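Here's the structure we're looking at; comments come further down.
Residue numbers (this note's numbering): 350 to 710.
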């Protein structure tokens, strides 16, 4: 038998030695010992019970857009979230969208935009599923998901029951939340609730979008939510960062490195190293009194240009932050390129670039 008869698994299909590469946007990685797809919360509980019966580690897989699986794979249980459904609730002047964690994220954005609900239009084209949005506090083009999340429902592996969080309890920060920091691995997200503004105006905080709509804005007009959605997808496609984009540039995990947050002294050191003024270095102030640097700029100044290749791994021809699978790349080749970039940036500028994708195996 594959599992103990003590665990009720009548509704679950258990697969063995399933290759994980097809379940990731980077399309690299080995096999997992057991693969379980869950479509409701009852199956989440059953899958957890199975993993415990087998005394194996459990990994929760959503859209696979922020994941790097080793060539050796994972000697454990992968729980693939396929919980779907979108429900609407009206509360005074806002709309609450209750979304299953397995819903495709871009489809959720399009659902909102087509109904005139503002709040996520700039997050179009981001790969992955809804359940992953609070984990990373996904953000792009002037919006962060922390601005719209009203609640998260999840299974607590420690208490053995379902719990709900409001936005404040998620402890959101730049590309971080409760779910990938102090409580990393503790919760399995099954549902996310987004608070959106009906008939709201689109967010036009980002320079790329302001340039895109310059003529319209100069004439005193506002683009529609759908126009902003389409513009964001177009900009992402030009940069090779659009969900579902074909070609080798489309085989990536999105932004591979986080933009580093550092003290002002580091900015001055970099300026001295390159013999330039600090104004020539892309940087932004943070609420913590430090500065955020452009990881892409640091990588390019370290000698890694767009299109750089190392074996079958490479840097996107459209965006320096995206490491790509140029075709049949191994995880080892991706790791080698990552290490080369991190080492060079650290030696030249004293900045440690942090990997954004989760590593499994």
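For every residue, glycine included, the Cβ atom is placed at its ideal position computed from N, Cα and C. All figures in this text were calculated on a predicted structure; none of them were measured in a lab.
Where residue i falls, given that 16 or more other Cβ within 10 Å makes a residue buried
i: residue 515; result: exposed
i: residue 368; result: exposed
i: residue 625; result: exposed
i: residue 414; result: buried
i: residue 400; result: buried
i: residue 429; result: buried
i: residue 608; result: buried
i: residue 662; result: buried
i: residue 540; result: buried
i: residue 395; result: buried
i: residue 652; result: exposed
i: residue 701; result: exposed
i: residue 357; result: Residue placement at residue 357 cannot be trusted, given a pLDDT of 45 that sits under 50; what the coordinates show is reported in the next sentence. Looking at its Cβ environment, which holds fewer than 16 other Cβ atoms inside 10 Å, residue 357 is exposed.
DSSP bridge partner residues for residue i (one or two, in chain order)
i: residue 406; result: Bridge partners of residue 406: none, in fact.
i: residue 513; result: 502
i: residue 449; result: 540
i: residue 640; result: 611, 634
i: residue 419; result: DSSP lists no partner for residue 419.
Neighbourhood of residue i by C-beta distance below 6 Å, restricted to the same chain and skipping five residues each side
i: residue 427; result: 381, 384, 408, 410
i: residue 353; result: Low confidence applies here, because residue 353 scores a pLDDT of 31, under 50, leaving its location unreliable and the question unanswered by this model.
i: residue 588; result: 667, 668
Integer-rounded CB distance, given that residue j should sit under 8 Å from residue i
i: residue 420; j: residue 681; result: 6 Å
i: residue 709; j: residue 418; result: 5 Å
i: residue 458; j: residue 578; result: 7 Å
i: residue 455; j: residue 431; result: Wrong, their Cβ atoms sit about 17 Å apart, outside the cutoff.
i: residue 519; j: residue 490; result: At roughly 21 Å, the Cβ-Cβ gap does not stay under 8 Å, so residue 519 and residue 490 are not in contact.
i: residue 571; j: residue 550; result: 6 Å
i: residue 545; j: residue 443; result: 7 Å
Neighbourhood of residue i by C-beta distance below 7 Å, restricted to the same chain and skipping five residues each side
i: residue 648; result: 669, 690, 694
i: residue 591; result: 474, 582, 585
i: residue 611; result: 639, 640, 642, 700
i: residue 535; result: 505, 506, 507
i: residue 623; result: 650
Residues near residue i by beta carbon distance below 8 Å, same chain, minus five either side
i: residue 373; result: 413, 414, 416, 417, 418, 602
i: residue 510; result: 504
Segment contact flag, the segment 553-571 with the segment 604-614, C-beta cutoff 8 Å, min 3 pairs: With the cut-off at 8 Å, the segment 553-571 and the segment 604-614 do not touch.
Cβ pair count under 8 Å reaching 3, the segment 447-461 against the segment 475-495: In the pairwise beta carbon analysis, the segment 447-461 is classified as touching the segment 475-495: at least three pairs are separated by under 8 Å.
Three or more C-beta pairs below 8 Å linking the segment 519-539 and the segment 466-475: No, because fewer than three Cβ pairs between the segment 519-539 and the segment 466-475 fall closer than 8 Å, the two stretches do not touch.
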